[in-house]
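If you read the sequences in order, they're chains A, B, C and D.
The working numbering puts the first residue of the first sequence at 1, with every later residue one more than the last.
The working numbering puts the first residue of the second sequence at 1, with every later residue one more than the last.
The working numbering puts the first residue of the third sequence at 1, with every later residue one more than the last.
The working numbering puts the first residue of the fourth sequence at 1, with every later residue one more than the last.
Glycine included, every Cβ here is placed at the ideal spot set by N, Cα and C.
In this text the structure is predicted, and so the values were computed from the model without any measurement.
Taking it in order: structure first as structure tokens, then the write-up.
There are 4 protein chains.
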Amino acid sequence: MTQNLRRLLAASAVVLAIAATLPSRASAQSNPDLKALIDDLVAANRILYRQGVVDGFGHVSVRHPARPDRFLLSAAKAPGRVTSEDIMEFDLDGKAIDGRDRPVYSERFIHAEVYKARADVNAVVHSHSPTVIPFSVTKVPLRPVHNTASFLAPEVPVFEMRNVAGMTNNLVTDSARGKALVEVLGDRPVALLRGHGNVVVGPDVRRTVARAIYTEVNARMLLQAVALGGPITFIDPEENKLIEAGRGTRVTGHSVDRVWQMWLEEAQRGVNEPPR
Amino acid sequence: MTQNLRRLLAASAVVLAIAATLPSRASAQSNPDLKALIDDLVAANRILYRQGVVDGFGHVSVRHPARPDRFLLSAAKAPGRVTSEDIMEFDLDGKAIDGRDRPVYSERFIHAEVYKARADVNAVVHSHSPTVIPFSVTKVPLRPVHNTASFLAPEVPVFEMRNVAGMTNNLVTDSARGKALVEVLGDRPVALLRGHGNVVVGPDVRRTVARAIYTEVNARMLLQAVALGGPITFIDPEENKLIEAGRGTRVTGHSVDRVWQMWLEEAQRGVNEPPR
Amino acid sequence: MTQNLRRLLAASAVVLAIAATLPSRASAQSNPDLKALIDDLVAANRILYRQGVVDGFGHVSVRHPARPDRFLLSAAKAPGRVTSEDIMEFDLDGKAIDGRDRPVYSERFIHAEVYKARADVNAVVHSHSPTVIPFSVTKVPLRPVHNTASFLAPEVPVFEMRNVAGMTNNLVTDSARGKALVEVLGDRPVALLRGHGNVVVGPDVRRTVARAIYTEVNARMLLQAVALGGPITFIDPEENKLIEAGRGTRVTGHSVDRVWQMWLEEAQRGVNEPPR
Amino acid sequence: MTQNLRRLLAASAVVLAIAATLPSRASAQSNPDLKALIDDLVAANRILYRQGVVDGFGHVSVRHPARPDRFLLSAAKAPGRVTSEDIMEFDLDGKAIDGRDRPVYSERFIHAEVYKARADVNAVVHSHSPTVIPFSVTKVPLRPVHNTASFLAPEVPVFEMRNVAGMTNNLVTDSARGKALVEVLGDRPVALLRGHGNVVVGPDVRRTVARAIYTEVNARMLLQAVALGGPITFIDPEENKLIEAGRGTRVTGHSVDRVWQMWLEEAQRGVNEPPR
Numbered sequence: 001m002t003q004n005l006r007r008l009l010a011a012s013a014v015v016l017a018i019a020a021t022l023p024s025r026a027s028a029q030s031n032p033d034l035k036a037l038i039d040d041l042v043a044a045n046r047i048l049y050r051q052g053v054v055d056g057f058g059h060v061s062v063r064h065p066a067r068p069d070r071f072l073l074s075a076a077k078a079p080g081r082v083t084s085e086d087i088m089e090f091d092l093d094g095k096a097i098d099g100r101d102r103p104v105y106s107e108r109f110i111h112a113e114v115y116k117a118r119a120d121v122n123a124v125v126h127s128h129s130p131t132v133i134p135f136s137v138t139k140v141p142l143r144p145v146h147n148t149a150s151f152l153a154p155e156v157p158v159f160e161m162r163n164v165a166g167m168t169n170n171l172v173t174d175s176a177r178g179k180a181l182v183e184v185l186g187d188r189p190v191a192l193l194r195g196h197g198n199v200v201v202g203p204d205v206r207r208t209v210a211r212a213i214y215t216e217v218n219a220r221m222l223l224q225a226v227a228l229g230g231p232i233t234f235i236d237p238e239e240n241k242l243i244e245a246g247r248g249t250r251v252t253g254h255s256v257d258r259v260w261q262m263w264l265e266e267a268q269r270g271v272n273e274p275p276r
Numbered sequence: 001m002t003q004n005l006r007r008l009l010a011a012s013a014v015v016l017a018i019a020a021t022l023p024s025r026a027s028a029q030s031n032p033d034l035k036a037l038i039d040d041l042v043a044a045n046r047i048l049y050r051q052g053v054v055d056g057f058g059h060v061s062v063r064h065p066a067r068p069d070r071f072l073l074s075a076a077k078a079p080g081r082v083t084s085e086d087i088m089e090f091d092l093d094g095k096a097i098d099g100r101d102r103p104v105y106s107e108r109f110i111h112a113e114v115y116k117a118r119a120d121v122n123a124v125v126h127s128h129s130p131t132v133i134p135f136s137v138t139k140v141p142l143r144p145v146h147n148t149a150s151f152l153a154p155e156v157p158v159f160e161m162r163n164v165a166g167m168t169n170n171l172v173t174d175s176a177r178g179k180a181l182v183e184v185l186g187d188r189p190v191a192l193l194r195g196h197g198n199v200v201v202g203p204d205v206r207r208t209v210a211r212a213i214y215t216e217v218n219a220r221m222l223l224q225a226v227a228l229g230g231p232i233t234f235i236d237p238e239e240n241k242l243i244e245a246g247r248g249t250r251v252t253g254h255s256v257d258r259v260w261q262m263w264l265e266e267a268q269r270g271v272n273e274p275p276r
Numbered sequence: 001m002t003q004n005l006r007r008l009l010a011a012s013a014v015v016l017a018i019a020a021t022l023p024s025r026a027s028a029q030s031n032p033d034l035k036a037l038i039d040d041l042v043a044a045n046r047i048l049y050r051q052g053v054v055d056g057f058g059h060v061s062v063r064h065p066a067r068p069d070r071f072l073l074s075a076a077k078a079p080g081r082v083t084s085e086d087i088m089e090f091d092l093d094g095k096a097i098d099g100r101d102r103p104v105y106s107e108r109f110i111h112a113e114v115y116k117a118r119a120d121v122n123a124v125v126h127s128h129s130p131t132v133i134p135f136s137v138t139k140v141p142l143r144p145v146h147n148t149a150s151f152l153a154p155e156v157p158v159f160e161m162r163n164v165a166g167m168t169n170n171l172v173t174d175s176a177r178g179k180a181l182v183e184v185l186g187d188r189p190v191a192l193l194r195g196h197g198n199v200v201v202g203p204d205v206r207r208t209v210a211r212a213i214y215t216e217v218n219a220r221m222l223l224q225a226v227a228l229g230g231p232i233t234f235i236d237p238e239e240n241k242l243i244e245a246g247r248g249t250r251v252t253g254h255s256v257d258r259v260w261q262m263w264l265e266e267a268q269r270g271v272n273e274p275p276r
Numbered sequence: 001m002t003q004n005l006r007r008l009l010a011a012s013a014v015v016l017a018i019a020a021t022l023p024s025r026a027s028a029q030s031n032p033d034l035k036a037l038i039d040d041l042v043a044a045n046r047i048l049y050r051q052g053v054v055d056g057f058g059h060v061s062v063r064h065p066a067r068p069d070r071f072l073l074s075a076a077k078a079p080g081r082v083t084s085e086d087i088m089e090f091d092l093d094g095k096a097i098d099g100r101d102r103p104v105y106s107e108r109f110i111h112a113e114v115y116k117a118r119a120d121v122n123a124v125v126h127s128h129s130p131t132v133i134p135f136s137v138t139k140v141p142l143r144p145v146h147n148t149a150s151f152l153a154p155e156v157p158v159f160e161m162r163n164v165a166g167m168t169n170n171l172v173t174d175s176a177r178g179k180a181l182v183e184v185l186g187d188r189p190v191a192l193l194r195g196h197g198n199v200v201v202g203p204d205v206r207r208t209v210a211r212a213i214y215t216e217v218n219a220r221m222l223l224q225a226v227a228l229g230g231p232i233t234f235i236d237p238e239e240n241k242l243i244e245a246g247r248g249t250r251v252t253g254h255s256v257d258r259v260w261q262m263w264l265e266e267a268q269r270g271v272n273e274p275p276r
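Encoded structure:
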């Protein structure tokens, strides 16, 4: 659990009794740390869209800082258009706490089941990350070739819906399917969904967004390396351990802190990142 | 037939006698539902351009809601520059009802022949969708690898002009060529034209635009999967049936409703979608 | 020779005596048709840049309408920054008529030699068109797979500087190298320069720009078709002949007329074309 | 050493005693040539970002014109957001002269060691240039296929951290690792870092930026040439020697002078370059 979340938890303790009985918008107004978290979540939606990880589909959530059995997720909407008004609160059965007839993502069970099974996770991205999908339908495993995606080491597992539910609409629309997916994920940061996309998890929303972005970047690089032919040198799990150690804390000017501000400005300007 | 079209038909009944004798602009002014449909058609032109499905060439039409033997299509113009002033009405022989010397697309017969043969179709896109064309000139069939393009299952047929007309300018410039293309299309949503592009059809203009866009997206993904090598797991026709069931109605916040508003805003801003 | 050029020549006859003795800027001011041609040439520079055919390098010229032994070309400058002030006049030895110490492109001999050898040509593009270069360094010939690039049929020749001048700076910096390149070009619209780029010629500046753009588009498609594997169906020279017949005249709303206005607006907006 | 740097050195001699004892910002204010160099360095940051060579990571430095044992480099920050306020001065042990608690790049030792070993070098870029990385993890050497990247001839060496330090975080975070990298670089302009990126060096910041950009462009072209299959004709070292001779001086309208102004305007507009 990161330092930031610990701070959030401490601050949230005061308003906990109220927060539990009021809709999330109200608690956000009376809780500056929750408001900051919601701002990050809205930014995450915009950033993932601007960076090409999500298009009109895909979603990102954070665990409620004061209520580990709840999470925050937008109403059903294209991520690039999400505002703080759209953020809703859900329990771990995927039930909206204060639905007010807003449409909800049919695959919110991905988030619910991850939060149930993984106490170390405080943010979840589900996307149709475009260059990731080809790896989900072939036998070539997605493995890291670049430092920035070392967390993929040694390789990313693939969830095949047919194995657990036969022929379906290939969507994670209930808790059972979510649970089956989370079993394939195990204790890893990323799993692919065959013919569908991926799920990316992490200790906080910024690092999880960074993981989702660099998973896509690494997929492009690996695809090109495969096209070049011959043996490929992957990032070793041992190297990953040492690289991840440098990402453990949020230091000004380094790691996620450096890129988050850039991605945010890009999303706000509405300008594409340079082509990669 | 979608709920929206039923509503349009009901509303249009009142003005039908007038609509049949007046040029389409006049009927649009006296018919708010027809005006809304024309707005969607103009948006469709702009969206297909902004999403890279059409460049200066390609076109999109809708069946006239009150006159199933007519369709609406822009005068000959780059789709990204089409306005409601450009929308013309054609009969199923491809004859302009109120031409007023405006230039017309030479391949309007694609649209005319689809509407003749397919009572289930209310919108048609013809494009030079860039990543689709490589599949039209090779023996690798275009098949779905991603949920969002499941409608391509099991695979997309290819129309070869040489089989029906020998060496030509490879354009569908008369009813006979249009008819031959529609025979290859059969009851499917998409067919490719060898060395030329594709035709995409659907029950309404929004779903047809979505199909055209995700046909291109899927082509990119399949191309990458082929480059990775080895066996590919495609979306099964049975999976497609279950996925398509979820797209049958226009529900707020879901399926086409979610992406249409996003695409429209992107087209209006003049900002490219994020790179894929 | 196009209708437009005939009109230009007729109109230019009146001012021919003056035009021959004055610098090109002066003659442009007193000759509205020459001014229109220069506007098109400036637009061509901006369009080729915006469409990704040229970057900071590459250039485009037109034959002087009143003096077939002269051509108009920008001073040495990145094409995306060219204005009408930069347009200079050159003779067919590549000598500037009114240099005024402005820097000149070292490869202007490409243009000079094309105009010398090809009476049918009134515009020339030289570019480092990015996807074209891979075809110049491999044994895979650039051939048309798409209607819009049918003019490449049956295939594009490659000029190898080493064959005529041994090890050099690989630049066409004198008349002898230009002549050798033009011999490889023959009566075709396009030739590649190994490890360098291409030369594209045509009857007027708009069609030549369109050819340069669709040469790049077709190269991308062919590359993808090759990556898919197996036999490829190319546009047949017979098909090209019939397709080109439809491009012979400038008709409102069709062929080059349709795309030119779109490209111009894209260049003026400074907005990228949609990704392809 | 370029003419420009000689001029800078001459002008800087007057303020040398002061410059050595004052923080770099102060010396910049009293030294117009140093200020111009810092402006170029800030522009270099913005340009490398806008052209897609760096994303949130990567950095660019220049040798201090008056103190060859020092170099100028931004504080730890995303290159696209760097301003002249961020430029710091470092000695060749990577120690900040006037740190003022600003965060510093952990890999500044790449720069320090290059300046120590290479008297001919006055600017250094370190990037995660995306299409370069696939070449760093395969056995296919990065070689030039395009004139504009001839400086890569005959081929680019690859630095493997494991050879000198075993399993690490794969980052050049001390002088010893920097020294080992510089040994692999030798007297060349570019070396790759396996699974990480590249280092690009040159006689001044503009040419070094151009080299970094065209290294990426050439990597894309070579990747495509490899995908086409068969033997590839590379730029010969002899050709490179003759091409480089034309880049030796900064002439108005030619070589780096032509593209720098374009890149700068693109970076300032915040508009992407055209897709390549």
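Let's see if you can read the secondary structure: which residues bound the alpha helix (DSSP H) around residue i?
i, result
"F109 (chain C)", "109-117"
"S255 (chain B)", "255-269"
"D93 (chain C)", "Per DSSP, D93 (chain C) belongs to no alpha helix (DSSP H) and is neither H nor E."
"Y49 (chain D)", "32-50"
Given that residue i touches chain D, what residues does it touch there, using C-beta distances under 8 Å?
i, result
"V259 (chain A)", "D55, G56, F57, A78"
Cβ closer than 7 Å: which chain C residues qualify as neighbours of residue i?
i, result
"G195 (chain B)", "V145, H146, N147, T233, I235"
In chain B, which residues lie less than 7 Å from residue i when you measure between Cβ atoms?
i, result
"T252 (chain C)", "P103"
List, in order along the chain, the chain C residues whose C-beta lies closer than 8 Å to that of residue i?
i, result
"L223 (chain B)", "Q224, A227, L228"
So what does residue i bridge to, in DSSP terms?
i, result
"M88 (chain B)", "B:L73"
"S127 (chain A)", "A:N198"
"F57 (chain D)", "Paired residues: none, contrary to the question."
"F159 (chain B)", "B:L193"
"V62 (chain D)", "D:L72, D:A123"
Q) the region 228-245 of chain D: which residues have C-beta closer than 8 Å to a C-beta of chain C, in chain order? A) L228, G229, G230, P231, I232, T233, F234, I235, D236, E238, E239, L242, I243, A245: these are the residues of the region 228-245 of chain D whose beta carbon lies less than 8 Å from some beta carbon of chain C, given in chain order.
Q. Is the region 113-131 of chain C in contact with the region 198-217 of chain C, if contact means three or more CB pairs nearer than 8 Å?
A. Because the criterion of three Cβ pairs below 8 Å is met, the region 113-131 of chain C and the region 198-217 of chain C touch.
Q.
Measuring CB atoms only, is the region 161-177 of chain B touching the region 230-243 of chain C, in the sense that at least three cross pairs come out at less than 8 Å?
A. yes
Q.
Would the region 185-193 of chain A count as touching the region 151-158 of chain A if we require 3 or more Cβ pairs under 8 Å?
A. yes
Q.
Within 8 Å, do at least three Cβ pairs link the region 39-51 of chain D to the region 106-113 of chain D?
A. With a cut-off of 8 Å, the region 39-51 of chain D and the region 106-113 of chain D do not count as touching, because too few Cβ pairs lie within range.
Q) What residues in the region 155-169 of chain D bring their beta carbon closer than 7 Å to a beta carbon of chain A? A) M167, T168, N169
Q | Contact set between the region 116-147 of chain C and chain D, restricted to residues whose Cβ is under 9 Å from the partner | A | H128, P130, T131, I133, P134, F135, S136, V137, T138, K139, V140
Q) Listed in chain order, which residues of the region 69-98 of chain B have Cβ atoms closer than 7 Å to some Cβ of chain C? A) Sequence-ordered contacts of the region 69-98 of chain B with chain C read A75, A76, K77, A78, G80, R81 [C-beta pairs closer than 7 Å].
Q: Answer yes if the region 220-229 of chain C comes into contact with the region 208-227 of chain B, meaning at least three C-beta pairs across the two stretches below 8 Å, and no otherwise.
A: yes
Q) So, do the region 142-153 of chain B and the region 60-70 of chain B have three or more beta carbon pairs nearer to each other than 8 Å? A) no
**Q.** At least 3 beta-carbon pairs within less than 8 Å: the region 173-184 of chain D vs the region 244-264 of chain D
**A.** no
Q) With contact counted as at least three CB pairs below 8 Å, one residue from each stretch, are the region 36-45 of chain D and the region 69-88 of chain D in contact? A) yes
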